[in-house]
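Notes for the one structure printed next.
Protein chains in written order, with full-length UniProt numbering: chain V, 1 to 65; chain L, 1 to 855.
What follows is the structure, given as structure tokens:
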């Protein structure tokens, strides 16, 4: 049972780390398009992917403000 | 699909290879794809399939997993697309071009892309864009249908991008991020994050709470329990401080406005439970409710998120309408030398431009009348409902609507300064109203909340006497279990879902009360021309009454009607253009039109009139001996010298008219036909459709009086119309529909617009109205039942806070999910028209429609 004195605080830290990770991912536009990447991964040639821009969500929010 | 590819070409029994619609018999459209000839249903699909193959993109057909969107709507219209290239228009929807030396700078813009159906579409769009010269980067967001493009202003124009997309079968519009749903999108993103944090926090707090619940006396050390409490406290902080923000903000906003909204008890419940738990943790005695707090926040956010999704769907369909073509104006660049018109974007108008404004159109910019007398309708701008007379030399306000005559005007102020800013105001005004039913529910909810707070206080005091330890949790349970949300959500969520569903069926609701009123309607009044009939009448016969021959008569008619927007005028103009190979050389001046009667004008010093027999007789002075056909509209032409001709113009009854009338009659509503046309033709159409009461030869005032008399007898009247002459009666009726193909004036006075031009959309609307009312009743019944059971149960101490949290959140979810059922269109066989029908509308319609929609 003594292990819990270590594990409970660790779990708290893990949760806060997860929150930080989630915010980072959300800011980088990970969750903006949940449909497209699943479609694109099935396509054989990736030539256009290199042509396409990086996610622009952060730019978008700046544009609108 | 592979089978379809390898199957040999069998002429007419295969569906269109591109869109899957049946190929009409006798058509010859086809494209060679993958070494075999494929039949196409229309030139639009053919053009698209050919472009796809010619660009080496035929693989698209191998990897798609459904048919493509029909091509007919994307038939190329390069001239219209060029409207997007005007610098003033570009400035509206792009960034990076504000600098003076902007031509060479790279710009970026968001476009809405319509018709993405599968992975192959994404592949096709990206492949096609990659070949457009000048595009620097692009990023297609499939989930939202938004395409972000950055291009070089030197080598590429917006129209090139839109054209490239249209060529492969996708409609795209610039998306004006400044006005549209950026706010909503940001709110959605924030809500999603808050939901995630609350969920994470709930799960983890539950991990610490369960052992405490399960532990029997003595198995859990006191130190361990304290540690768990502190851990729970730490993990609840993000949920309360971040995820619960919407509730605290809502409660604060409500209190500041001195109203009791549904957020007040929620915020109080969260605050009290969290505060009590913090005190218990710090002091080391008493119960903690961290698990209840986080669960309550999470579940409540879930139902909020559901509601948000419903709203977002509704607004994304509106976006597509709003991002349609910029408002257009008809400019006469060579005036006064000649009157060749050209179409320009309204934003491009400069001071001094001469414009032609037809009746029913909006005035594109502040201007002064050069020629013609008219009346303008300022009701949308100032609220003044009486039309204002204007004559040469008078000012015309941009954004007002020309109500009676065509006028030639000179622009006095560039459109950017006046009209647009006013249109923005109109949009705001249109979006602010709330339906009476919703306002009623809000009012009831406010009383409910007040009573609830009082009850919670009483319960708290009472339990102080009975059992001091349980007073706090029971008061919290009462606050949390009650569900004013169900009451407050019942109506708006049902109305939002119904509005969204109707929009997808091609009905745009402009006034909030439509569904409520439509449900109670007792009489339904239809206009004939353009409403029950196709609105595209064609010339059937010309009877010569004087000395002039058929061609001359048609040319005179053409000259007189040239500037009219009336459907009968279109029929005559079309017939004249078809019959004479070279363009007519006749021009009419001093043209004057009388609503419901006809048009007078002067050609080569002779005065002519075209219109009803009585109106023309005033000028000929000779009584008419003529028996017109009773199933066609007769338009007479005469001059001061005498009668010239009678044009028989017949109009086809819409395919769906009979079905619509039957349906309305089955619902027990009275159907009435009011028409400005002759009694004979009105009666014959009424007989064909089984309408008992039909009244012909109605002037606009007659229609208005008729409807007002009905209303005087206690009837609730719905009106369906399309023309300028219907505007007054559309406003007077309790609920009114304007056809999407009708005049802008009619649409601005109507409560709803049938965008797709399908009459059967009226049936969809009545069906949606009765379903909506049923859902609202169910929701309100559920909310009352739930609260009547749960609140007393909590007050006597049968529910603990976490059970209350679950109960209240489930109750909200039941209400929202029940409302969302309305979004499903249950009628099989009804063609579900997408919002891309906006593209089928004429400019003026789209402009006025965009002006009316609230963001």
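No residue lacks a Cβ here, since even glycine has one placed at the ideal position from N, Cα and C.
Because the structure is a prediction, the values reported are computed rather than measured.
Nearest residue (CA-CA) to residue i, options the options
i	options	result
residue 671 of chain L	L/472, L/803, L/715, L/437	L/715
residue 643 of chain L	L/663, L/617, L/667	L/617
residue 814 of chain L	L/237, L/87, L/232, L/302	L/302
residue 40 of chain L	L/67, L/56, L/63, L/57	L/67
residue 55 of chain L	L/23, L/108, L/125, L/29	L/125
residue 209 of chain L	L/188, L/790, L/233	L/233
residue 35 of chain V	L/467, L/118, L/677, L/53	L/118
residue 780 of chain L	L/445, L/691, L/245	L/445
residue 145 of chain L	V/26, V/32, V/42, V/3	V/32
residue 353 of chain L	L/360, L/369, L/359	L/369
residue 737 of chain L	L/525, L/605, L/171, L/603	L/525
residue 575 of chain L	L/553, L/594, L/588	L/553
residue 521 of chain L	L/777, L/539, L/664	L/664
residue 41 of chain V	L/27, L/123, L/341, L/570	L/123
residue 439 of chain L	L/475, L/31, L/261, L/468	L/261
residue 603 of chain L	L/595, L/622, L/558, L/620	L/558
residue 646 of chain L	L/619, L/613, L/620, L/200	L/613
Simplified DSSP state of residue i, which is helix, strand or coil
i	result
residue 279 of chain L	helix
residue 38 of chain L	strand
residue 639 of chain L	strand
residue 390 of chain L	strand
residue 136 of chain L	strand
residue 665 of chain L	helix
residue 221 of chain L	coil
residue 19 of chain L	coil
residue 400 of chain L	coil
residue 13 of chain V	helix
residue 824 of chain L	coil
residue 141 of chain L	strand
residue 834 of chain L	The predicted model places residue 834 of chain L with a pLDDT of 38, which falls under 50 and marks its position as unreliable; any figure quoted below should be read in that light. In the structure shown, residue 834 of chain L sits in coil (DSSP, three-state: anything other than H, G, I, E or B).
residue 6 of chain V	helix
residue 523 of chain L	strand
residue 151 of chain L	strand
residue 428 of chain L	In this prediction, residue 428 of chain L has a pLDDT of 43, which is less than 50 and means its spatial position is unreliable; nothing more can be read from the coordinates.
residue 547 of chain L	coil
Assigned exposure category for residue i - 16 Cβ within 10 Å defines buried
i	result
residue 667 of chain L	exposed
residue 338 of chain L	exposed
residue 133 of chain L	exposed
residue 43 of chain L	exposed
residue 226 of chain L	exposed
residue 723 of chain L	buried
residue 2 of chain V	exposed
residue 356 of chain L	buried
residue 461 of chain L	exposed
Pair within 9 Å by beta-carbon distance, residue i and residue j
i	j	result
residue 206 of chain L	residue 291 of chain L	yes
residue 556 of chain L	residue 608 of chain L	yes
residue 165 of chain L	residue 110 of chain L	no
residue 387 of chain L	residue 377 of chain L	yes
residue 718 of chain L	residue 729 of chain L	no
residue 699 of chain L	residue 661 of chain L	no
residue 174 of chain L	residue 112 of chain L	yes
residue 601 of chain L	residue 590 of chain L	yes
residue 506 of chain L	residue 754 of chain L	yes
residue 720 of chain L	residue 762 of chain L	yes
residue 804 of chain L	residue 459 of chain L	no
residue 19 of chain L	residue 69 of chain L	yes
residue 659 of chain L	residue 675 of chain L	no
residue 546 of chain L	residue 638 of chain L	yes
Proximity test, residue i beta-carbon vs the ligand ZN heavy atom, cut-off 8 Å
i	result
residue 11 of chain V	Ligands displayed in this structure: none; no statement on the ligand ZN is therefore possible.
Cross-chain neighbours of residue i in chain A, by beta carbon under 9 Å
i	result
residue 301 of chain L	Going by chain labels, chain A is absent from the structure shown, which instead holds the protein chains V and L.
Legend entry - Stretch-stretch touch, CB-based, cutoff 8 Å, three pairs: the stretch 240-248 of chain L with the stretch 767-780 of chain L: no
Legend entry - Any 3 or more C-beta pairs closer than 8 Å across the stretch 405-415 of chain L and the stretch 358-368 of chain L: yes
Legend entry - Validate contact between the stretch 700-712 of chain L and the stretch 513-521 of chain L using beta carbons, cut 8 Å, 3 pairs: no
Inset, instruction - May I ask you to verify whether the stretch 752-759 of chain L touches the stretch 783-797 of chain L, counting CB pairs closer than 8 Å and requiring at least 3? - result: no
Inset, instruction - Mind the definition here: the stretch 222-237 of chain L touches the stretch 266-282 of chain L only if three or more C-beta pairs lie below 8 Å; say whether that holds. - result: yes
Inset, instruction - Flag this pair as touching only if the stretch 212-232 of chain L and the stretch 245-257 of chain L have three or more C-beta atom pairs under 8 Å; answer yes or no. - result: no
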